[in-house]
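**Q** Chains as they are written, first to last, in our numbering: chain Y, 99 to 214; chain L, 12 to 120. Cβ atoms here follow ideal geometry from the backbone N, Cα and C, with glycine treated the same way. The structure presented is a predicted model; accordingly, all values stated were derived computationally and were not measured.
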């Protein structure tokens, strides 16, 4: 079955440490996205990518970095500069870039990041 | 500022009843989507309605859009226990997609 796989499901970060969240899709979608979800809040866009080797900052990119070396993969690094990283991180993809909400986004099951 | 705002924040109904939740937004949009999120899982796309459409149906779901009032509603008919989840609207305007904070729906047995 096609879909999006996020790993790990749970992740713990120590002070001053960078951690990387994995996102892989086999839907052959061009666009991929990273969102952050805090309790009782909506999703906030961190980064998005339209095509390989291209990505754009979203609303809350500070303290995060991404790469898009392969169409299938869009890893997110939470750097030590992100002072409040505890959240639920969701990766999504769509056939094309869709900041107009004109296509469905397909989501993974998230990674929950906590601070040790 | 947040574009989509769902109302109510939480809703509990008896199984078999209908559930209605609303989404209001501030600026003009091109499209509006509704998503469902089960606890600890990712979002699942339910339905998309374009700005020139007024109503769409999908199974037990009915979505309306009133662009003059900048609002949309999601109706789930004949609710089931499996409908227990959070429901989010997402609005798409000029190069920006924004998700609301969601309505938590709890179906009581």
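Taking the beta strand (DSSP E) that residue 6 of chain L belongs to, which residues open and close that run?
**A** Because residue 6 of chain L is not part of the residues shown, which for chain L are 12 to 120, the question remains open.
**Q** Got a sec, what are the start and stop residues for the beta strand (DSSP E) residue 135 of chain Y sits in?
**A** Run containing residue 135 of chain Y: 129-135, per the beta strand (DSSP E) assignment.
**Q** Can you tell which of L/120, L/116, L/107 has the C-alpha that lies nearest to the C-alpha of residue 141 of chain Y?
**A** It is L/107 whose Cα lies nearest to the Cα of residue 141 of chain Y.
**Q** According to the neighbour-count rule (16 or more other Cβ atoms, all chains shown, within 10 Å of its Cβ), is residue 153 of chain Y buried or exposed?
**A** Counting Cβ neighbours within 10 Å, residue 153 of chain Y comes out buried, since at least 16 surround it.
**Q** Using C-beta distances below 8 Å, list every residue in its chain close to residue 107 of chain Y, excluding the 5 sequence neighbours before and after it, in chain order.
**A** Excluding sequence neighbours, residue 107 of chain Y sits near 207, 208, 209, 210.
**Q** What separation, rounded to the nearest whole angstrom, lies between the Cα atoms of residue 199 of chain Y and residue 168 of chain Y?
**A** Each residue's Cα considered, the two are about 24 Å apart.
**Q** Out of L/111, L/119, L/120, which one is the CA nearest neighbour of residue 20 of chain L?
**A** Among L/111, L/119, L/120, the Cα nearest to that of residue 20 of chain L belongs to L/111.
**Q** Just to confirm my understanding: we take residue 149 of chain Y, look at its own chain, exclude 5 residues before and 5 after, and list those with CB closer than 6 Å. What are they?
**A** Closer than 6 Å at Cβ, skipping near neighbours: 128.
**Q** Flag this pair as yes or no: are the beta carbons of residue 192 of chain Y and residue 123 of chain Y separated by less than 7 Å?
**A** No; because the gap between Cβ atoms is not below 7 Å, this pair is not in contact.
**Q** Establish whether the CB of residue 153 of chain Y and some CB of chain L are separated by less than 7 Å.
**A** Taking Cβ atoms only, chain L never reaches closer than 7 Å to residue 153 of chain Y, which makes this a no.
**Q** Residues of chain Y with CB closer than 8 Å to the CB of residue 106 of chain L, please, in chain order.
**A** The contacting residues are 197, 198.
**Q** Taking the alpha-carbon positions, what's the residue 36 of chain L to residue 62 of chain L distance?
**A** For residue 36 of chain L and residue 62 of chain L, the distance between alpha carbons rounds to 13 Å.
**Q** When the Cα of residue 131 of chain Y is compared with those of Y/125, Y/109, Y/174, Y/114, which residue comes out closest?
**A** With distances taken between Cα atoms, residue 131 of chain Y lies closest to Y/174.
**Q** For my contact list, residue 90 of chain L and residue 26 of chain L are in at a C-beta cut-off of 8 Å; report their separation, rounded to the angstrom.
**A** Rounded, the Cβ-Cβ distance is 6 Å, consistent with contact.
**Q** Taking the DSSP output, what are the residues bridged to residue 190 of chain Y?
**A** Residue 190 of chain Y pairs with Y/131, Y/205.
**Q** Report the rounded CA-to-CA distance for residue 56 of chain L versus residue 72 of chain L, giving the unit in angstroms.
**A** Roughly 12 Å separates the two Cα atoms.
**Q** Run down chain Y in chain order and give the residues with a C-beta less than 7 Å from the C-beta of residue 43 of chain L.
**A** Neighbours of residue 43 of chain L on chain Y, chain order: 199.
**Q** Run through DSSP, which three-state label would residue 105 of chain L get?
**A** Of the three classes helix, strand and coil, the one that applies to residue 105 of chain L here is coil, per DSSP.
**Q** Ordered along the chain, which non-local residues of its own chain (more than five positions away) have a Cβ less than 6 Å from that of residue 99 of chain L?
**A** Hits under 6 Å: 46, 110, 111, 113.
**Q** Please work out which residues of its chain come closer than 7 Å, Cβ to Cβ, to residue 155 of chain Y, disregarding the five sequence neighbours upstream and downstream, and give them in chain order.
**A** Contacts found: 145.
**Q** Mind checking whether residue 166 of chain Y and residue 147 of chain Y have CB atoms under 7 Å apart?
**A** A contact, by the Cβ cut-off of 7 Å.
**Q** Output needed for residue 205 of chain Y: all residues of its chain with C-beta closer than 8 Å, excluding positions within five of it in sequence on either side, in chain order.
**A** 102, 188, 189, 190.
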